[in-house]
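Please read the structure below before turning to the comments.
2 protein chains.
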Amino acid sequence: MPRMGSAPTTNRAVMHDVARLAGVSHQTVSRVLNGHPHVRETTRERVMQAVRQLNYRPNALARGLVSKRSRSIGVLSFDASLYGPSSALLGIQRAAQEQRYAVTVVTLSQQDPGGVQRAAGMLAEQSVDGVIVIAPSNAAAHAIQDLPPGLPTVALEASFSKDMPVVVVDQFAGARLATEHLLRLGHQTVWHVAGPADWPEAVLRIEGWRAALSAGRLAGPPLLAGDWSARSGYQAGRQIAATPGITAVFVANDQMALGVLHALHEAGIKVPEQVSVVGFDDMPEAEFFHPALTTVRQDFDEVGRSGLRTMIEMLDGSAPVAAEARVAPSLIVRASTGSPA
Amino acid sequence: MPRMGSAPTTNRAVMHDVARLAGVSHQTVSRVLNGHPHVRETTRERVMQAVRQLNYRPNALARGLVSKRSRSIGVLSFDASLYGPSSALLGIQRAAQEQRYAVTVVTLSQQDPGGVQRAAGMLAEQSVDGVIVIAPSNAAAHAIQDLPPGLPTVALEASFSKDMPVVVVDQFAGARLATEHLLRLGHQTVWHVAGPADWPEAVLRIEGWRAALSAGRLAGPPLLAGDWSARSGYQAGRQIAATPGITAVFVANDQMALGVLHALHEAGIKVPEQVSVVGFDDMPEAEFFHPALTTVRQDFDEVGRSGLRTMIEMLDGSAPVAAEARVAPSLIVRASTGSPA
DNA sequence: TACGGTCCAGAAACCGTTCTCCGAAATCCG
DNA sequence: CGGATTTCGGAGAACGGTTTCTGGACCGTA
């Protein structure tokens, strides 16, 4: 027995209500809403009027179920508390809203081994049209290799990837910029506080630094390793303070640079008079470090934006299956660098 | 003419496939998956076997369409680039994943007037079960008053709210903690660099500061106003440096405190010897400011977590319609505070 | 007047689930 | 061993849309 049409448990209008009010069938409403042709202007008006009157909004679930396009994308983010990843996420969000895409976010610490599978499963369950992965570490990049193959995927900040488009900031160029800046100021050589070896970004910054040094026929001093945190920068800074003769340091991110500055100051070493320091990222606070930090700006917003653009291109069929978009960094010179005494 | 069952355009298994493989009907599969009774153990096993073999995952769209529960929540965030809101978002995410809820995020700048309507509409379209709003400013809190009334809503960091549960950190207590710490050190009075007047958090910190002062029968010095940014803190810092006799400053957040420290140092004023500075938030970098910043820690993670807990309670019917959860802050004493000379 | 072609708009199938009946098989009781 | 009662599992109607198919109204033309 078909249920009697009564007792609206919820007050939300559905397409049928609109149709009834406009005196047409629900398919006609659908046609109007999706801009299909063959609808008389007067009919279209009547329908739109009814839509406004009932404040009708189509149900995305129902629409997605039949049309196979949910107009939502998933974002899978690792290390979401770091400045880079969280900024990229913000960029994706902004861009997605402009394009009227919904964004479902899953954050993961790459410690969690089965996490990627679970997360991917969850996103697939939600029927997202595609997934943008922010995978700046090798562990993360490796983990995403076994995302379901049918799912359109774009990787951000990931350097190796089987066959998915990637959007990255040119770390190599950025590191060269920083190192060359210091060499041009007259420093004999430049030390480097690196990020974790597991991160392609860290590795590329090392390579850019080495490239700039060898262009000047300089051997690289030993590497100091950090883990991106200000604390690890502080520890590296203490080593630097204890090593005589160091006049210039390129630090792989701003937070570690903050730690380095802290350690140097603690040791009574003046920046930039005795040691010049360059960071990487240009986080908003960098300008107010003590002294104001010379650093390399990464446009994370553009990375996110570009990632979504690529995603949409894939979904629309004009698919660059494995292209790489590269965003250029820029050097911001402030007070933490100067010529050696 | 019914379509012939052929040509699987996608390779994703649906419930019917599982049913066929297990030799049962799709309803039985549904029963097994949802833990309904009246299924023989052997049948259950056969179904689970088929599920594993086909790597079947139920389609959340279809499930949500019929069951009216999408097991997804929306997060509406203002000022998402700030430390507090973004940390709260992270807390929500973590908690949601544990509870197997999907999270759809929309970020808004409160400049955008129609934004809330659009965002709420979008979330409603996605059929989220509820919305958690991170609305730390009055403009934001005001904007969310006209969210669709049917939608379960929890507000975070919002102080006034018509009839929705709220989760906040006790700003008043935190500000008192900070101010009392300075007074106990022997300072005659404490200056305050406030956040924007539009923010309840900023106002409550002012009130907490005033309360601590008047408990010591002290009149409050004039207020210095900032906008949360390090730059505005820097400007306030220059004023402080130009005003003789100031020995203690309570700054309404860490980023502004950074700016204050920068300005004081630039003016040759020593911290904490000449001026003591306390911040608010305890962002990860605060420990490595120069000097290490005494500050008030807010557990944003707990705020997000608590927000989701409240949300789920509402959804489960045990609805605290307009309760308020209050998270306690704690004082972290570091090197930027000391007794006056 | 009869005829073929557009324009409109309705009927009905379908997407992949959950849920409400209902009938058949299995179990219990006397 | 027969009938009442439970257990098990199937049929089919929703949910709220999109899409294909179909047919009536209207037009110009012969």
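Chains as they are written, first to last, in this note's numbering: chain C, 1 to 341; chain Y, 1001 to 1341.
No residue lacks a Cβ here, since even glycine has one placed at the ideal position from N, Cα and C.
C/H192 - containing beta strand (DSSP E), residue span:
If you number the first sequence from 1, residue 192 of chain C lands on position 192. W191 to A194 is the span of the beta strand (DSSP E), which, as asked, contains C/H192.
Residues of chain Y with a CB under 9 Å from the CB of C/G114: which are they?
The residue you call residue 114 of chain C lines up with position 114 of the first sequence. Ordered by position in chain Y, no residue passes the 9 Å Cβ test against C/G114, which lies about 12 Å from the chain.
Helix, strand or coil: how does DSSP classify Y/A1263 here?
Start at 1 with the first residue of the second sequence, and residue 1263 of chain Y comes out as number 263. If DSSP states are grouped into helix, strand and coil, Y/A1263 belongs with the helices.
Residue burial classification, C/P348 (beta-carbon count within 10 angstroms, cutoff 16)
Because chain C is modelled from 1 through 341, residue 348 of chain C falls outside the range shown and cannot be assessed.
From the DSSP output, in three-state form, read off Y/L1218 for me.
Counting from 1 along the second sequence, the entry for residue 1218 of chain Y is found at position 218. DSSP places Y/L1218 in coil when its eight states are reduced to three.
Assuming C/L264 contacts C/G216 (C-beta within less than 8 Å), just tell me the rounded distance between them.
What you label residue 264 of chain C is simply residue 264 of the first sequence in a count that begins at 1. What you label residue 216 of chain C is simply residue 216 of the first sequence in a count that begins at 1. Wrong, their Cβ atoms sit about 24 Å apart, outside the cutoff.
CB of C/Y101 within 9 Å of CB of C/I134, strictly:
In the first sequence, counting from the first residue as 1, residue 101 of chain C sits at position 101. In the first sequence, counting from the first residue as 1, residue 134 of chain C sits at position 134. Not a contact, by the Cβ cut-off of 9 Å.
Anything in chain C within Cβ reach of Y/E1287, meaning under 8 Å, just list it in chain order.
Indexing the second sequence from 1 puts residue 1287 of chain Y at position 287. Simply A230 and R231.
Would you please verify whether the beta carbon of C/T247 is less than 9 Å from any beta carbon of chain Y?
Mapped onto the first sequence, residue 247 of chain C falls at position 247. Cβ-Cβ to chain Y under 9 Å: no for C/T247.
Could you say which of Y/G1307, Y/S1336 and Y/R1305 lies nearest to Y/K984 if we only look at CA atoms?
No information on residue 984 of chain Y is available, as it lies outside the stretch 1001 to 1341 that chain Y covers here.
For Y/V1190, count neighbouring Cβ atoms within 10 angstroms of its own Cβ and tell me buried if that reaches 16, exposed if not.
To locate residue 1190 of chain Y, count along the second sequence from 1; it is residue 190. By the neighbour-count rule (16 or more Cβ atoms within 10 Å), Y/V1190 is buried.
Based on Cα-Cα distance, which residue from Y/P1196, Y/G1091 and Y/G1150 lies nearest to Y/V1167?
As a first step, residue 1167 of chain Y must be located in the second sequence, where it is residue number 167. Selected option, being the one with the closest Cα: Y/G1091.
Let's see if you can read the secondary structure: which residues bound the alpha helix (DSSP H) around C/R44?
In the first sequence, the residue the question calls residue 44 of chain C occupies position 44. Residues E41 to L54.
Residues in the same chain with beta-carbon distance under 6 Å from C/A80, minus the five sequence neighbours each way, listed in chain order, please.
Position 80 of the first sequence holds residue 80 of chain C. Same-chain partners within the cutoff: S86 and T107.
DSSP three-state assignment for Y/R1334, whether helix, strand or coil
Within the second sequence, the letter at position 334 stands for residue 1334 of chain Y. In this structure, Y/R1334 counts as coil in the three-state DSSP scheme.
For the alpha helix (DSSP H) containing C/R63, name the first residue and the last one.
Working through the first sequence from its first residue, we reach residue 63 of chain C at position 63. Start and end: A60 to S67.
Using a Cβ cut-off of 8 Å, which residues of the stretch 55-67 of chain C contact any Cβ in chain Y, in chain order?
R57, P58, N59, A60, L61, A62, G64 and L65
Do Y/R1076 and Y/A1120 have their CB atoms nearer than 9 Å?
Taking the second sequence and counting its residues from 1, the one referred to as residue 1076 of chain Y is at position 76. Taking the second sequence and counting its residues from 1, the one referred to as residue 1120 of chain Y is at position 120. At residue 1076 of chain Y the sequence reads Leu, which differs from the Arg that was named. Their beta carbons are under 9 Å apart, which means Y/L1076 touches Y/A1120 by this criterion.
Give the DSSP-derived three-state secondary structure of Y/T1104 in the structure shown.
Start at 1 with the first residue of the second sequence, and residue 1104 of chain Y comes out as number 104. Y/T1104: strand per DSSP, three-state reduction.
Starting from the Cα of C/D299, find the closest Cα among C/P329, C/L54, C/I240 and C/M311 and give me that residue.
As a working mapping, residue 299 of chain C is identified with position 299 in the first sequence. Looking at the Cα atoms, C/P329 is the closest of the given residues.
For Y/A1155, the three-state DSSP class (helix, strand or coil):
As a position in the second sequence, residue 1155 of chain Y is number 155, starting the count at 1. Here Y/A1155 sits in strand by DSSP.
Can you have a look at Y/G1195 and say buried or exposed, based on whether 16 or more other CB atoms are within 10 angstroms of its CB?
Locating residue 1195 of chain Y in the second sequence gives position 195, counting from the first residue. By the neighbour-count rule (16 or more Cβ atoms within 10 Å), Y/G1195 is buried.
Exposed or buried, Y/G1115, counting other C-beta atoms within 10 Å across all chains shown (16 or more means buried)?
Along the second sequence, one-based indexing puts residue 1115 of chain Y at 115. Buried.
Ordered along the chain, which non-local residues of its own chain (more than five positions away) have a Cβ less than 6 Å from that of C/V327?
As a first step, residue 327 of chain C must be located in the first sequence, where it is residue number 327. So the list reads V169, D299, E302 and V303, once near-sequence residues are dropped.
From the DSSP output, which residues share a beta bridge with C/T295?
Within the first sequence, the letter at position 295 stands for residue 295 of chain C. DSSP output for C/T295 lists C/I332 as bridge partner(s).
Y/L1082 lies in the beta strand (DSSP E); which residues open and close that run?
Walking along the second sequence from the start, residue 1082 of chain Y turns up at place 82. Annotation: Y/L1082 is outside any beta strand (DSSP E) and is labelled neither H nor E by DSSP.
Rounded separation between C/N34 and C/S232 - CA only
Counted from its first residue, the first sequence places residue 34 of chain C at position 34. Counted from its first residue, the first sequence places residue 232 of chain C at position 232. Going from the Cα of C/N34 to the Cα of C/S232 covers about 55 Å.
If the cut is a Cβ gap below 8 Å, which residues of chain C does Y/V1103 touch?
As a working mapping, residue 1103 of chain Y is identified with position 103 in the second sequence. Here the neighbours are T104, V105 and V106.
Chain Y partners of C/H181, CB-CB under 8 Å?
Taking the first residue of the first sequence as position 1, residue 181 of chain C is located at position 181. Going along chain Y, no residue has its Cβ under 8 Å from C/H181, so there is no contact; the nearest lies around 22 Å.
Please report the straight-line C-alpha distance between Y/Q1093 and C/V105, rounded to a whole angstrom.
As a position in the second sequence, residue 1093 of chain Y is number 93, starting the count at 1. As a position in the first sequence, residue 105 of chain C is number 105, starting the count at 1. One C-alpha to the other measures close to 8 Å.
Identify the continuous alpha helix (DSSP H) that holds Y/L1177 and give its terminal residues.
Counting from one through the second sequence, the residue named residue 1177 of chain Y turns up at place 177. Per DSSP, Y/L1177 belongs to the alpha helix (DSSP H) from Q1171 to R1184.
Unbroken stretches of the alpha helix (DSSP H), 4 residues or longer, contained in the stretch 1221-1288 of chain Y:
1230-1242 and 1254-1266
For the stretch 1272-1292 of chain Y and the stretch 1217-1230 of chain Y, state whether three or more C-beta atom pairs, one from each stretch, are separated by less than 8 Å.
no
Quick one: Cα of Y/R1210 to Cα of Y/L1223, how far?
As a working note, residue 1210 of chain Y is residue 210 in the second sequence. As a working note, residue 1223 of chain Y is residue 223 in the second sequence. Cα to Cα, the separation comes out at about 10 Å.
Proximity to C/P340 [Cα-Cα], best of C/P291, C/A323, C/I246 and C/E324
Counted from its first residue, the first sequence places residue 340 of chain C at position 340. Measuring from the Cα of C/P340, the nearest candidate turns out to be C/I246.
Out of Y/T1310, Y/H1142, Y/V1018 and Y/V1296, point me to the one whose CA is closest to Y/G1084's CA.
In the second sequence, the residue the question calls residue 1084 of chain Y occupies position 84. The candidate whose alpha carbon is nearest that of Y/G1084 is Y/V1296.
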